[in-house]
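Q: In case it helps, the working numbering puts the sequence shown at residues -17 to 146.
Glycine included, C-beta positions come from ideal geometry on N, C-alpha and C.
Note that the coordinates shown come from a computational prediction; the quantities given were computed from them, not determined experimentally.
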Amino acid sequence: MSRSRTSRFGERRRIPPQWLARALSIYPPLLGAGIRVVEFSDDWTVCRTRLRLTRWNRNQQGTAFGGSIGSMSDAFFAILLMNQLGPGYYVWDAKAEIDYRSPGTSTVYGRFEVPRETAEAIRAEAESGSKVLHWFETDLLLRDGTVVAHVRRQVYIRKKPEGR
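Spelled out as structure tokens, the structure:
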């Protein structure tokens, strides 16, 4: 999904956070897994997601598929960082580590955060043009606070060469 558009006059316009949340919620890979993007904060520091347990994403034990739980964290740290840094940077997910801790017996909630201070530190580190690999972590939870999975995502960041 593109996070910005070009107007008919050639300048890039940013897609508002809530528009992106709605678009991602109907994006077939997320929709098929039962994942909904609840919100992106207006300052692109927080994203919240939800995985409702349905007959389409249950495994043989009646709990959420591990793949659906893992997909809840795919790209959200990168999207937050990409929108804070702006179009002058390459930002990609590089690695993921998921520690499944308890079954997803009901709706699973995700909260992803990239504080402004972290984004600015990454910007400063990437200023030379060298790659930056940064790990982000979060827990995916049931409503009662039970940790379903602990997720670590490594994000690749590099400043784009001038003129790109």
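Using only alpha-carbon positions, find the residue among P97, G14, A57 that is nearest to W38.
A: What you label residue 38 is simply residue 56 of the sequence shown in a count that begins at 1. If we check each option's Cα against that of W38, G14 comes out closest.
Q: Kindly confirm or deny that the stretch 64 to 81 and the stretch 136 to 143 touch, where touching means at least three C-beta pairs closer than 8 Å.
A: Yes, the stretch 64 to 81 is in contact with the stretch 136 to 143.
Q: Considering only DSSP beta bridges, list what F22 is partnered with.
A: The residue given as residue 22 occupies position 40 in the sequence shown. According to DSSP, F22 bridges with C29.
Q: Is it the case that the Cβ atoms of V90 and L35 are separated by a distance below 9 Å?
A: Counted from its first residue, the sequence shown places residue 90 at position 108. Counted from its first residue, the sequence shown places residue 35 at position 53. Yes, the pair counts as a contact, with Cβ atoms nearer than the cut-off.
Q: Is the stretch 90 to 100 close to the stretch 38 to 58, with three or more CB pairs under 8 Å?
A: Counting Cβ pairs under 8 Å, three or more are found: they touch.
Q: Look at G86 and V130 and say whether their C-beta atoms are less than 9 Å apart.
A: The sequence position of residue 86 within the sequence shown is 104, counting from 1. The sequence position of residue 130 within the sequence shown is 148, counting from 1. In this structure, V130 lies closer than 9 Å to G86 by Cβ.
Q: Curious, which full-length beta strand (DSSP E) runs of at least 3 residues does the stretch 59 to 125 contain?
A: If we require 3 residues or more, the beta strand (DSSP E) runs fully inside the stretch 59 to 125 come out as 71 to 82, 90 to 95, 114 to 124.
Q: Going by the DSSP bridge assignment, what does I17 pair with across the sheet?
A: Along the sequence shown, one-based indexing puts residue 17 at 35. DSSP output for I17 lists L33 as bridge partner(s).
Q: Using the rule of at least 16 other Cβ atoms within 10 Å of the residue's Cβ for burial, across every protein chain shown, is P97 buried or exposed?
A: The residue given as residue 97 occupies position 115 in the sequence shown. It is exposed - the Cβ of P97 has fewer than 16 other Cβ atoms within 10 Å.
Q: So what does Y138 bridge to, in DSSP terms?
A: Residue 138 sits at position 156 when you count from the first residue of the sequence shown. Note: Y138 sits in a beta bridge opposite W74, L115.
Q: Can you have a look at W26 and say buried or exposed, based on whether 16 or more other CB atoms are within 10 angstroms of its CB?
A: For the purposes of this step, residue 26 is taken as the residue at position 44 of the sequence shown. Burial call: buried.
Q: Kindly list the residues whose CB is nearer than 7 Å to the CB of M141, restricted to its own chain and excluding five residues on each side of it in sequence; keep chain order.
A: Along the sequence shown, read from residue 1 onward, the residue named residue 141 stands at position 159. Sequence check: residue 141 is Lys here, not Met. Answer for K141: G70, Y71, A108, E109, G111, listed in chain order.
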